[in-house]
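Inspection log for the structure reproduced underneath, given as structure tokens.
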Amino acid sequence: MTLIQPVGALSFMALSVVLFSLGLYGALSRKSTVMVLMSLELMANAININLVALSRFSAPAEMTGQFFAVFSMVVSAAEIGLGLALVLALYRQRKTVEIDAMQELKG
Amino acid sequence: MSALAWFIPEYLLLAGAFFALFAELIVRREGVAAAAGALFASLAALSALAIGVRPAAFGGVLELDQVSVTVRVVLATLSAVYLLWLAGRGMAPERSREAAAFVLLATLGGMLMVAARDLMVLFVSIELATMPAYLLMGYRRDDEHTLEGALKYFLLSMTTSLVMLYGFSFLFGIAGSTSFAAIAEAPGAGLLGAFSAVFVFVGLLAKMSAAPFHYWAPDAYAGASPASVAFVSTVPKLAGAAVMVRLAVILVPGVPALPTVFAVASLASMLLGNLAAFPQSDVRRLMAYSGVAHTGYMLLALSAGSAAGNAAAIYYTIAYAAPSMAIMLLAAEEGTAVDDFAGLAARRPAAAWTSVVLLLSLVGVPPMVGMFGKLVLFTAALDAGRLALVLVAVAMSVVSAGYYFRVLRAAFFVGGRAERVPRVLPAAVAVALLTAATLALGVFTGPLVRWLTAAF
């Protein structure tokens, strides 16, 4: 018996669900926009784990999921860069990144 | 002709986007970039029309069926008209060359979205269409309202993109492939299939600003410059509607509850959008809520779950896009408050009568295109037995006349400032073209809807 047991697809999916839920909870509840961006990153990583794991267990030969994960990483890196640029531009105007400060537009 | 040549419109848009960034270094005049962009976009529209329907290409990841062809021609035409307006008026106080490039890139993303037959291509092209939209919404870098609106738009849009992508990852897991054909043929996946379909459509509904995921739209629009809103609220929305229809076609057989989800979202959007638009005094906010309502009508067609309903959803979104863009362009010229339209009939009679045509089309008064859009939509929904929802939709159309007429009342019956904005020919031509389309497109309803129906 080896110490390392083979891990099934379900374990990876469970990990991904937990990470995704943590990220979604953070994105909806955090007060600082930087923390919200980090939570979004967590959600993106949960998706990547899901893609790679599902690819490994459903169609390992084609590696579609791995390619999909690479695309998703590049796109989310670009999005986070854009988001940080927006946060930075807003910080220069207001000297704060708190969500609660964003009450100027309402209705 | 090789498959590479079928995507000449996309190459033209990409070339136009890069050219727009540098055009003003060659010819030192404000507006050259947008004018060049308009030229590239209109060439793209013409070539898309000439290329027409083509079978699946590149291993089946892209396909040009009737819907893709129609939507890509309309997308390129709308962005050409928009850039024509931009060439005349610009994005004051900022320079407009980056805006021209962003518009072309977003249109490119939209055109790929409607041709995509693979989750990976679809995801990348959705992002290509939305990322320039964030930049357009936050275009005034030193205005904190603009930045706040853009950041709200960005945070919500990215969250919903990720929710949608999570759905995509499960769809891929079920089918073992990212191609739409394989997903449509995948055996009924039960709970996991329903779960992933809900994730995908929650993401898409939020992007289309359907209730109950609409709350970002009024804030984001009210912060942005009206010229940005004119583009962001129409072109990406049309591409999004086409994608929703496409995904509904492949997912509804496996998840029979989806039409009910659309019906509920439709009811919520129609009620909330139309009632919340009433107290608004800002044209951008008013149009944001009216956009929520129009998404509701579109979803009503989608909830029919028939070929006629799918075609009606796309036709209706086209019929909504043209007048809605023109109204926002007029707001960009006149001012963003409803009161800024006061005295419009006295100082610019042509613009005032134009807004009559545009707003009546949004209400659905004949002979404008909006009425024909509602007609095909209600017919499809009635055939599917959604009588109650159609009655709500008709009642809400009547209600919507109330807030659209407030703009007209200001324009015709309230005295306002006398000095008028300087006349600019390209901008006037752009608005006139959109108005002419609003007036004349209704004539082609029958053939166009039949042609769209053939795709399903």
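Residue numbers (our numbering), protein chains in the order written: chain A, 1 to 107; chain B, 1 to 456. In this text, a Cβ means the ideal position worked out from N, Cα and C, and glycines have one as well. All values reported here derive from a predicted model rather than from experimental measurement.
Item                                                                                                                            : Value
Thr159/B: contacting residues in chain A (beta-carbon distance under 7 angstroms)                                               : Ala27 and Leu40
Limits of the beta strand (DSSP E) - the one that Ala61/A falls within                                                          : Run containing Ala61/A: none; DSSP gives neither H nor E here.
Of the listed residues Arg140/B, Arg386/B, Ile183/B and Gly373/B, nearest to Pro253/B (C-alpha basis)                           : Ile183/B
Own chain residues within Cβ distance below 8 angstroms of Ala76/B, not counting five before or after                           : Pro9, Leu13, Ala41, Ser42, Ala44, Ala45, Ala48, Thr107 and Met111
Buried or exposed by the 16-neighbour rule on C-beta atoms within 10 Å, applied to Asp282/B                                     : buried
Limits of the beta strand (DSSP E) - the one that Leu4/B falls within                                                           : Looking at the DSSP string, Leu4/B is not in any beta strand (DSSP E), and its letter there is neither H nor E.
Min CB distance Gly107/A to chain B below 9 angstroms                                                                           : With a pLDDT of 48 at Gly107/A, under the threshold of 50, the modelled position of this residue cannot be trusted; read the value that follows with caution. Output row for Gly107/A: interface = yes.
Nearest residue (CA-CA) to Ala20/B, options Gly273/B, Ala35/B and Ser196/B                                                      : Ala35/B
Length of the line joining the Cα atoms of Gly60/B and Arg117/B                                                                 : 7 angstroms
As assigned by DSSP and simplified to three states, the class of Arg29/B                                                        : coil
The stretch 131-143 of chain B / the stretch 224-232 of chain B touching (three or more Cβ pairs under 8 angstroms)             : yes
Among Leu156/B, Ala175/B and Ala222/B, the one whose alpha carbon lies nearest that of Gly203/B                                 : Leu156/B
Among Val249/B, Ser179/B and Asp219/B, nearest to Phe201/B - alpha-carbon criterion                                             : Val249/B
Supposed contact pair Leu238/B and Val74/B - C-beta distance, whole angstroms, cut 8 angstroms                                  : 7 angstroms
First and last residue of the uninterrupted beta strand (DSSP E) at Ala57/B                                                     : Arg54 to Ala57
Minimum length 4: unbroken alpha helix (DSSP H) runs contained in the stretch 139-178 of chain B                                : 144-175
For Leu433/B and Gly31/B, the rounded distance between their alpha carbons                                                      : 19 angstroms
Straight-line gap, Leu358/B to Val443/B (C-alpha atoms, nearest Å)                                                              : 16 angstroms
Beta bridge counterpart(s) of Glu98/A as assigned by DSSP                                                                       : Ser32/A
Any C-beta of chain B under 9 angstroms from that of Leu22/A                                                                    : no
The stretch 43-50 of chain A / the stretch 165-178 of chain B touching (three or more Cβ pairs under 8 angstroms)               : yes
Ala194/B vs Ser303/B beta-carbon contact at 9 angstroms                                                                         : no
Inter-residue Cα distance where the pair is Ala277/B and Met328/B                                                               : 15 angstroms
Residues of its chain near Ala5/B, where Cβ-Cβ distance is below 6 angstroms and the 5 sequence neighbours each way are ignored : none
Chain A contact residues for Gly138/B, given Cβ-Cβ distances below 8 angstroms                                                  : Leu86 and Ala89
Against chain A: residues of the stretch 171-186 of chain B by CB proximity under 7 angstroms                                   : Phe172, Gly173, Gly176, Ser177 and Thr178
Through-space distance from Gly416/B to Ala351/B, alpha-carbon basis                                                            : 15 angstroms
Straight-line Cα distance separating Val414/B from Leu128/B                                                                     : 43 angstroms
Closest by C-alpha distance to Tyr198/B, when choosing among Glu333/B, Thr160/B, Thr336/B and His214/B                          : As written in the sequence, residue 198/B is Val, which differs from the Tyr given in the question. Considering only alpha carbons, the answer is Thr160/B.
CB contact below 9 angstroms: Asp339/B versus chain A                                                                           : no
Contact set for Glu467/B: own chain, Cβ-Cβ below 8 angstroms, skip 5 residues either direction                                  : This structure cannot speak to residue 467/B, because chain B is shown only from 1 to 456.
Chain B contact for Glu98/A (CB, 9 angstroms cutoff)                                                                            : no
Proximal chain B residues relative to Arg94/A, where beta-carbon distance stays under 7 angstroms                               : Glu144
Beta carbon proximity, Glu24/B to chain A, threshold 9 angstroms                                                                : no
Minimum C-alpha distance to Leu425/B - residue among Met287/B, Met113/B, Leu344/B and Gly90/B                                   : Gly90/B
Assigned exposure category for Ile126/B - 16 Cβ within 10 Å defines buried                                                      : buried
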